[in-house]
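Student: Here it is, the structure, as structure tokens.
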């Protein structure tokens with residue numbers, strides 16, 4: 021191949037044919053660009069040769085968006101530099117521009133330690149960085165469970181995480197993007213500069229080429245949502261690319277916005293002997309007025325749910341696997357756990373909110389003594405280890421079963437519903453799982469009514485039942501005004517669910533929108549659109 025960056029696919033690169041979804045694909049070639057110019061030159065060659073391109077970051081996604089099924093795999097993991105810093109003169113807010121291969125875990129270390137490589141920065145950027153080093157500690161709010169996620173991947177699926185209950189998804193913290201289109205043209209997008217006119221949009225590439233397009237006419241659900249293209253009247257057009265599953269262009273530069281880190285962070289895990297009591301507690305801490313209860317003004321940053329099956333899996337792993345020894349013992353009578361995080365700036369305010377939490381626990385039917393409270397970083401780390409250990413244990417369990425039956429994968433939902441539908445949705449999950457005799461574990465961001473139901477099949481028949489159940493739920497969740505994907509993106513695995521959530525005409529509008537930016541449908545084929553949709 022003419023471009024030296026493009027290498028033939030071989031066994032050396034086999035790991036790049038899969039991601040955390042456990043899906044495995046194929047490709048004829050692979051590249052590891054370092055710069056925006058590298059990406060542009062590779063895409064130009066692929067465009068001219070009509071070769072499909074699948075873009076990858078750290079491959080931590082759960083929807084197979086980064087799994088190539090043909091053509092070329094472009095891996096952005098070596099685009100891992102922080103390029104610049106600036107400070108808004110009016111607000112004092114700090115912004116950093118970085119490449120898409122920067123990992124969230126590394127970014128957090130650089131921000132908290134105030135250690136960035138600045139040798140190649142402009143003098144203006146270095147001056148802003150000096151101000152950053154002197155300022156109170158800052159943080160980047162999005163916190164997906166998988167901290168080895170790349171920033172590019174987080175942008176492509178509009179990642180969120182536990183703290184999104186208070187802070188929102190990554191969309192709210194992206195101020196600028198540099199995007200390379202399939203033909204090698206580049207787009208520079210800055211928040212607040214380019215807007216749609218109702219549902220009509222025009223963007224100009226850096227070379228002056230105009231791209232005209234129409235946004236889909238659907239109304240997005242009023243829940244957490246990462247299902248299809250973001251579309252609203254008169255929207256900021258930078259939002260079109262955030263959560264687009266990489267189908268419109270390759271994100272090569274990202275400007276993120278930081279916030280001042282709260283002075284105090286506390287965590288509380290409350291345990292309940294019945295799931296109904298736990299869900300009542302969630303409604304109370306959200307500030308809902310329930311009959312016979314006070315109305316609370318607690319403002320939690322996150323509210324995380326773990327059902328009895330998830331707790332039982334963790335109990336077993338704690339007994340059998342020394343890697344989980346640091347987790348506190350979980351008494352058998354506990355059926356459900358809710359983890360709440362509080363952020364504040366004064367001890368008095370935080371103590372008052374902690375007392376309010378105690379009242380909410382009691383009024384929901386729980387006991388204040390059935391809690392783990394973390395006021396130090398060490399204790400917080402232990403609670404977070406508890407939070408992250410549950411999905412890790414489930415993945416280990418599935419990997420063991422997959423050795424006996426390669427067809428088996430974890431079937432995990434990523435659906436969200438409006439507040440009013442939380443309890444009936446949980447009842448639906450529990451009833452339908454029991455009727456089909458399927459093992460499962462449920463956890464997730466209950467503050468946003470966004471639960472991950474993980475079906476754990478033992479054999480091919482249970483796997484088939486689980487997939488059917490997933491399809492049934494997609495229809496029922498949509499009917500409740502919910503979203504089929506709330507944070508993981510649609511990728512390839514959930515493309516069929518968009519046809520459940522949106523009408524056929526809306527899918528057609530989405531295809532036409534993609535065609536405006538990728539006329540030959542070469543970029544990230546299979547993401548968003550099921551294979552039968554691709555050639556329409």
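In this note's numbering, the protein residues as written are 21 to 556.
For every residue, glycine included, the Cβ atom is placed at its ideal position computed from N, Cα and C.
Since this is a predicted model, take the numbers as computed values, not measurements.
#1: If residue 202 sits next to residue 543, beta carbons under 8 angstroms apart, how far is it from one beta carbon to the other, in whole angstroms?
#2: Are the stretch 296 to 309 and the stretch 413 to 432 touching, with three or more C-beta to C-beta distances below 8 angstroms?
#3: Could you pull the start and end residues of the beta strand (DSSP E) that residue 198 belongs to?
#4: Got a sec? Which residues, its chain only, sit under 7 angstroms from residue 15 by beta carbon, not counting five neighbours each side?
#5: Compare the C-beta of residue 124 against all C-beta atoms of chain D and say whether one is closer than 9 angstroms.
#6: What does a CB cutoff of less than 8 angstroms around residue 311 pick up in its chain, not counting 5 residues either side in sequence?
#7: So residue 452 is in the alpha helix (DSSP H); what residue range does that whole segment cover?
#8: Measure the beta-carbon distance from residue 301 to residue 381 and round it to whole angstroms, keeping in mind my assumption that it falls under 8 angstroms.
#9: So residue 327 and residue 463 are supposed to be a Cβ contact under 8 angstroms. How far apart are they, rounded?
#10: Might you give, ordered along the chain, the residues of its own chain that have their beta carbon closer than 6 angstroms to the beta carbon of residue 42, omitting 5 neighbours on each side?
#11: If you measure between the beta carbons of residue 127 and residue 102, is that distance less than 9 angstroms?
#12: Using DSSP bridges, identify the partner residues of residue 326.
#13: Measure the CB-CB distance between residue 493 and residue 394 and report whether it falls below 9 angstroms.
#14: Please list, in chain order, all residues of the same chain as residue 254 whose beta carbon is under 8 angstroms from its beta carbon, the five residues on each side excluded.
#15: When DSSP labels each residue in this structure, what does residue 103 get in the three-state scheme?
#16: Which same chain residues end up closer than 6 angstroms to residue 71 when comparing Cβ atoms and leaving out the 5 residues on each side of it in sequence?
#17: Within 10 angstroms of its Cβ, does residue 534 collect 16 or more other Cβ (buried), or is it exposed?
#18: Per DSSP, residue 51 is paired with what?
#19: So what's residue 316 in DSSP terms, helix, strand or just coil?
#20: Restricting to Cα atoms, I'd like to know which of 506, 453, 125, 489 is closest to residue 466.
#21: In whole angstroms, give me the CA-to-CA distance for residue 193 and residue 455.
#22: Per the DSSP calculation, residue 224 is bridged to which residue(s)?
#23: Exposed or buried, what is residue 539 when buried is set at 16 or more other beta-carbons lying within 10 Å of its beta-carbon?
#24: Here's a check: name, in chain order, each residue in its chain whose Cβ is nearer than 6 angstroms to the Cβ of residue 96, leaving out the five neighbours to either side.
#25: Which residue wins for smallest C-alpha separation from residue 530, given the options 236, 180, 85, 292?
#26: Exposed or buried, which one is residue 230 when buried takes at least 16 other CB atoms within 10 Å?
#27: State the DSSP-derived secondary structure class of residue 546, mapped to helix, strand or coil.
#28: Straight-line CA distance for residue 412 to residue 419?
#29: Please state whether DSSP places residue 515 in a helix, a strand or coil.
#30: If I follow the unbroken alpha helix (DSSP H) through residue 537, where does it start and stop?
#31: Among the residues of its own chain, which have a CB less than 7 angstroms from the CB of residue 125, if the five just before and after it don't count?
#32: Considering only the beta carbon of each residue, do residue 330 and residue 305 sit closer than 9 angstroms?
#33: Excluding five sequence neighbours on each side, which residues of the same chain lie with their C-beta closer than 8 angstroms to the C-beta of residue 152?
#34: From the DSSP output, in three-state form, read off residue 372 for me.
Tutor: With the given structure in hand:
#1: Taking the chain shown and counting its residues from 1, one reaches residue 202 at position 182. Taking the chain shown and counting its residues from 1, one reaches residue 543 at position 523. About 5 angstroms; that satisfies the 8 angstroms criterion.
#2: no
#3: Indexing the chain shown from 1 puts residue 198 at position 178. From DSSP, the beta strand (DSSP E) with residue 198 extends over 194 to 200.
#4: Summary: the structure shown does not reach residue 15, with the chain confined to residues 21 through 556, and so no result is reported for it.
#5: The structure shown contains no chain D; it is built from a single protein chain.
#6: In the chain shown, the residue the question calls residue 311 occupies position 291. Result list for residue 311: empty, nothing under 8 angstroms.
#7: By 1-based counting over the chain shown, the position of residue 452 is 432. Segment 442 to 456, the alpha helix (DSSP H) holding residue 452.
#8: What you label residue 301 is simply residue 281 of the chain shown in a count that begins at 1. What you label residue 381 is simply residue 361 of the chain shown in a count that begins at 1. That belief holds up - the Cβ atoms of residue 301 and residue 381 are roughly 6 angstroms apart, short of 8 angstroms.
#9: Walking along the chain shown from the start, residue 327 turns up at place 307. Walking along the chain shown from the start, residue 463 turns up at place 443. Between residue 463 and residue 327 the Cβ distance is about 7 angstroms, and since that is below 8 angstroms, they are a contact.
#10: The residue you call residue 42 lines up with position 22 of the chain shown. Correct list, in chain order: 429.
#11: The residue labelled residue 127 in the question sits at position 107 within the chain shown. The residue labelled residue 102 in the question sits at position 82 within the chain shown. Yes, the Cβ-Cβ distance between residue 127 and residue 102 is below 9 angstroms.
#12: Numbered from its first residue, the chain shown carries residue 326 at position 306. For residue 326, which the question treats as bridged, DSSP gives the partners 357, 463.
#13: What you label residue 493 is simply residue 473 of the chain shown in a count that begins at 1. What you label residue 394 is simply residue 374 of the chain shown in a count that begins at 1. Taking 9 angstroms as the Cβ cut-off, residue 493 and residue 394 do not qualify as a contacting pair.
#14: Along the chain shown, read from residue 1 onward, the residue named residue 254 stands at position 234. Contacts found: 215, 216, 217, 218.
#15: Along the chain shown, read from residue 1 onward, the residue named residue 103 stands at position 83. Residue state, collapsed to three classes: strand.
#16: As a position in the chain shown, residue 71 is number 51, starting the count at 1. Excluding residues within five positions, the ones whose Cβ falls inside 6 angstroms are 91, 92.
#17: Taking the first residue of the chain shown as 1, we reach residue 534 at position 514. Buried.
#18: Counted from its first residue, the chain shown places residue 51 at position 31. For residue 51, which the question treats as bridged, DSSP gives the partners 26, 94.
#19: One-based indexing of the chain shown puts residue 316 at position 296. DSSP places residue 316 in coil when its eight states are reduced to three.
#20: To locate residue 466, count along the chain shown from 1; it is residue 446. Considering only alpha carbons, the answer is 506.
#21: Against the chain shown, residue 193 aligns to sequence position 173. Against the chain shown, residue 455 aligns to sequence position 435. Near 43 angstroms, if we compare the C-alpha coordinates of residue 455 and residue 193.
#22: As a first step, residue 224 must be located in the chain shown, where it is residue number 204. The partner list for residue 224 (beta bridge, DSSP) reads 230.
#23: As a position in the chain shown, residue 539 is number 519, starting the count at 1. Classification of residue 539: exposed, given that the 10 Å Cβ count is below 16.
#24: For this step, residue 96 is matched to residue 76 along the chain shown. Answer for residue 96: 77, 120, 121, 172, listed in chain order.
#25: On the chain shown, residue 530 is found 510 positions in, with the first residue counted as 1. Nearest of 236, 180, 85, 292 to residue 530, Cα basis: 236.
#26: Working through the chain shown from its first residue, we reach residue 230 at position 210. Looking at its Cβ environment, which holds fewer than 16 other Cβ atoms inside 10 Å, residue 230 is exposed.
#27: As a first step, residue 546 is located in the chain shown; it is residue number 526 there, counting from the start. Of the three classes helix, strand and coil, the one that applies to residue 546 here is coil, per DSSP.
#28: Reading the chain shown from its first residue, position 392 is the one you call residue 412. Reading the chain shown from its first residue, position 399 is the one you call residue 419. When rounded, the distance between both Cα atoms is 11 angstroms.
#29: To locate residue 515, count along the chain shown from 1; it is residue 495. Three-state DSSP puts residue 515 in a helix.
#30: If you number the chain shown from 1, residue 537 lands on position 517. Residue 537 -> alpha helix (DSSP H) spans 524 to 537.
#31: For the purposes of this step, residue 125 is taken as the residue at position 105 of the chain shown. Once the five neighbours on either side are set aside, the close Cβ partners of residue 125 are 167, 168.
#32: Within the chain shown, residue 330 is the residue found at index 310, counting from 1. Within the chain shown, residue 305 is the residue found at index 285, counting from 1. Result no, Cβ atoms of residue 330 and residue 305 do not sit closer than 9 angstroms.
#33: For the purposes of this step, residue 152 is taken as residue 132 along the chain shown, with counting starting at 1. For residue 152, where only same-chain residues beyond five positions count, the Cβ hits under 8 angstroms are 105, 107, 114, 134, 158.
#34: The residue you call residue 372 lines up with position 352 of the chain shown. The answer is helix: DSSP assigns residue 372 an H, G or I state.
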